[in-house]
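Letter by letter, the sequence shown follows residues 3 to 451 of our numbering.
We put the CB at the ideal spot given by N, CA and C, even for glycine.
Since this is a predicted model, take the numbers as computed values, not measurements.
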Amino acid sequence: MRLSQYFLPLLRDVPKEAEIVSHRLMLRAGLIRQSSAGIYTWLPLGTRVLRNIEQIVREEQDRAGAIELLMPTIQSADLWRESGRYDDYGAEMLRIQDRHERDMLYGPTNEELITAIFRDAVKSYKELPRILYHIQWKFRDEIRPRFGVMRGREFLMKDSYSFDLDKEAAEKSYNKMFVAYLRTFARMGLHAVPMRAETGPIGGDLSHEFIILADTGESQVYCHKDLVEMPAPPADLDYAGDLTEYVHQRTALYAATDDVHDPKRFEQEVPADKRLSARGIEVGQVFYFGTKYSEAMGARVQGPDGDLVTVEMGSYGVGVSRLLGAIIEASHDEAGIIWPQAVAPFDVGLINLKAGDKDTDAACEDLYAKLQAAGLEILYDDTDDRAGAKFAAMDLIGLPWQLVVGPKGLKAGEIEVKERATGARHSLTFDASLNMLVDKAEQAKREAA
Ligand code: ATP
Ligand code: MG
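Written out as structure tokens, the structure is:
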């Protein structure tokens, strides 16, 4: 993409309401623009990151055997009357009437709708287990939308729903999503810690929140320090195998959100020098809630012996749009965002230091074409802005690599490659710079696979 033909409205002055760094950087770097309280337009750069995050979430759901569909944002109130949640959900639910005065709502979550879809389609235990998911916008009329996309009113969520014949099978589904979540967040460069959590309006008796530790997080959490930098699940951990032991290991040390925290147990189970009390960002939550919805809505299948069995369910959410904020909170410096390569809007920022100079233009065009041919995504700053402004903008938007091409360097046969995360600079020949970036991109792809 040529910057001269792109749409990248950077912002110099950030509104005072932007209290936390990720919110300020998302506004400054032209990722989002507020349209009304807690509701945002995703500008082109933000849209690219959102799509990348969404794609990682999707790939890891698919790998775990979940099946994608797409449910609507607008739902009928009648379904929610069946489960009894229409009245319970309260003011967070945006209620709408259509022209026939039928009660509708903008879905804050989808347990009712998916239970109805399942109930109407599946009649036999032979079609179990199933995990269905979608990635769709949700609306919750949050009392205090704030921190940008961290607590929006309209936000993008991945929500999965599992259907099983009995509790034991349901736990297997829960474990699959648990492992998939660890893999998902690790691919984005995040250390997410699963913590025991309250089930809230979703209901049920088993739940974990996946927490990114950050001072700006809204949740107060307590855990054993050794949990903070645990590695991602090993590559040979197979979804077809038994995940019980692995999940057990990952939940053995104390970790709890404020709602379920037990100070006495914390002191008994965790040595004083290992006790961590911190703030965190909830990026995902998994719930097992048994027959709460299937019972109320009559989702039953014929079991092996012919009896009707009420299915066991769980639901599993990832805050796709919140993740942008969480990643930035975890990865930035004074100059701006530092995107992990896996979610970056472009792989490389190519900076032409003297647009209009014949040789510089030619070298840039050549690099631009060859890098794209190698499968990299390039943002080519071909504008005639000052060098200083170009550097500042590139640092701000945080692409993993910068390629700096100017007449002086070219004369010496050199191009500068800068790694955004470390600030390390390398002066390389044209071919060496090309090879280095292609290698790095391939390495990143291998790590993701
Ligand atoms: P919170 O406690 O932060 O209000 P929640 O527990 O109500 O969230 P869930 O129902 O578990 O949210 O939704 C699944 C995921 O969706 C959450 O883990 C979070 O990442 C994301 N999410 C929830 N509410 C919002 C919001 N208002 N803005 C952005 N993301 C959200
Ligand atoms: Mg939650």
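Do A301 and T111 count as a contact pair if the criterion is CB distance below 8 Å? Cβ distance not < 8 Å, so T111 and A301 don't count as in contact.
A31 and L398 look like a contact to me (Cβ under 8 Å); what is the Cβ gap, rounded to whole Å? Contact between A31 and L398 is confirmed by a C-beta separation of about 5 Å, below the 8 Å threshold.
Of the listed residues Q251, R97, E113, nearest to M106 (C-alpha basis): The residue among Q251, R97, E113 with its C-alpha nearest the C-alpha of M106 is R97.
Would DSSP call Y241 helix, strand or coil? Three-state result, Y241: coil.
Give the secondary structure of D383 by DSSP, where H, G and I count as helix, E and B as strand, and everything else as coil. Reduced to three states, the DSSP call for D383 is strand.
Assuming the contact rule is C-beta atoms closer than 8 Å, E314 and A172 should be a hit. Round their C-beta distance to whole Å, please. Contact between E314 and A172 holds: their C-beta atoms lie close to 4 Å from each other, under 8 Å.
Is I204 near the ligand ATP, judged by its Cβ being under 7 Å from some heavy atom? Correct: I204 has its Cβ closer than 7 Å to the ligand ATP.
E70 vs V322 beta-carbon contact at 8 Å: No, they are not a contact pair.
Could you check how far apart the C-beta atoms of D384 and R50 are, in whole angstroms? I think they sit under 8 Å. Wrong, their Cβ atoms sit about 19 Å apart, outside the cutoff.
Please name the residue in N54, P11, D15, R53 whose C-alpha comes closest to that of I34. Minimum Cα distance to I34 is reached at P11.
Less than 8 Å between the C-beta atoms of A182 and R65, yes or no? With respect to R65, A182 sits close: the two C-beta atoms are nearer than 8 Å.
Examine the ligand ATP and report whether any of its heavy atoms sits within less than 7 Å of the Cβ of M3. The answer is no for M3.
E144 beta carbon near the ligand ATP (any heavy atom closer than 7 Å): For the ligand ATP, at least one heavy atom lies less than 7 Å from the Cβ of E144.
Mind checking F141: buried by the 16 CB within 10 Å criterion, or exposed? With 16 or more Cβ atoms within 10 Å of its Cβ, F141 is classed as buried.
Which residues have a Cβ closer than 6 Å to any heavy atom of the ligand MG, listed in chain order? Listed by position in the chain, the residues whose beta carbon lies within less than 6 Å of some heavy atom of the ligand MG are E211, E284, Q287.
Start and end residues, beta strand (DSSP E) containing M106: Boundaries of the beta strand (DSSP E) around M106: 105-108.
Alpha carbon to alpha carbon, how far is V406 from I330? Give it in angstroms, no decimals. Cα to Cα, the separation comes out at about 24 Å.
Taking 7 Å as the limit between beta carbons, can you name the residues of its chain near D359, skipping five residues before and five after? Non-local beta-carbon contacts of D359 in its own chain, meaning distances under 7 Å to residues more than five positions away in sequence, involve P409 in chain order.
Using 8 Å as the Cβ pair cut-off and three pairs as the minimum, do the region 261-270 and the region 192-206 touch? The region 261-270 vs the region 192-206: in contact.
Beta-carbon gap between A194 and F212 smaller than 8 Å: Contact flag set, yes.
Inter-residue Cα distance where the pair is G319 and G286: G319 and G286 have their C-alpha atoms some 5 Å from each other.
Cα-Cα separation between L239 and L355, rounded to whole angstroms: Taking the straight line from one Cα to the other gives about 48 Å.
Excluding the five sequence neighbours on either side, which residues of its own chain have a C-beta within less than 6 Å of the C-beta of A423, listed in chain order? Taken in chain order, the residues that qualify are I340.
Residues that DSSP places opposite D166 in a beta bridge: Partner(s): E314.
Quick one: does the C-beta of T75 sit closer than 7 Å to a heavy atom of the ligand ATP? Closer than 7 Å to some heavy atom of the ligand ATP: that does not describe the Cβ of T75.
Start and end of the beta strand (DSSP E) containing K420? Per DSSP, K420 belongs to the beta strand (DSSP E) from 417-421.
Give me, in chain order, the residues of the same chain whose beta-carbon lies closer than 8 Å to that of H210; leave out the 5 immediate sequence neighbours on both sides. Closer than 8 Å at Cβ, skipping near neighbours: F180, P196, M197, R198, A199, T253, Q287, V288.
Name the DSSP bridge partner or partners of E70? For E70, which the question treats as bridged, DSSP gives the partners Y135.
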